[in-house]
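Note sheet for the following structure.
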Amino acid sequence: MYDTRNVRDSSPLFIPEPGMPRLVGLKPDAKAKQAADDAAQVEAIDGHARRGAQHLLAGEFEAGCACFTAAIRLDGRWPALFLGRSVAMSELGDHAAAARAARDAVRLDPECVAARSQLGSALVALGEVADAAAQLLEAQRLEQPRFVNATAVRL
């Protein structure tokens, strides 16, 4: 939860970040209800995402896709939800939908290596080899510093 005790409701300098509960300017009772609603929504999204991942692991791709879709409908700002949906769609053979979902994940988090790799895989399946290569090369470029840092730690 966000601590709003030191934030003046009329402060022009306070601009909530995307995803931050809208507590400023609400009456105390409304603030408590809004906080509870936000917590409930996050819990619902997390529940859908967990069930979606379990379905994917069990090979139940339609059910997994449905769970990730339900979570996205609640809040479409989480790249991992689109990534899960993309994996499910790829496994179902709908590579165009998989590519769309992976593009959404990349749009939300341009540095997500898994999303770029998934997009590259979907594009390969669609025969869009040049675009796939660009995504896979970018994923490799993003992963390189992590590999170098991990190697340096081992030395």
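Using our numbering, the first residue of the sequence shown is number -2, and each one after it goes up by one.
Cβ coordinates follow ideal geometry from the N, Cα and C atoms, glycine included.
Looking only at Q115, G117, A41 and L123, the smallest Cα-Cα distance to I69 is reached by A41. Under the 10 Å beta carbon count, Q132 is surrounded by 16 or more other beta carbons and is classified as buried.
Less than 7 angstroms divides the Cβ of G81 from the Cβ of F65.
Of C62, A129 and A102, the smallest CA-CA separation from G49 is found for C62. The alpha helix (DSSP H) runs of length 4 or more contained entirely in the segment 33 to 79 are, from start to end of the chain, 58 to 71. Annotated as proximal: H45 and A67, with beta-carbon spacing under 7 angstroms.
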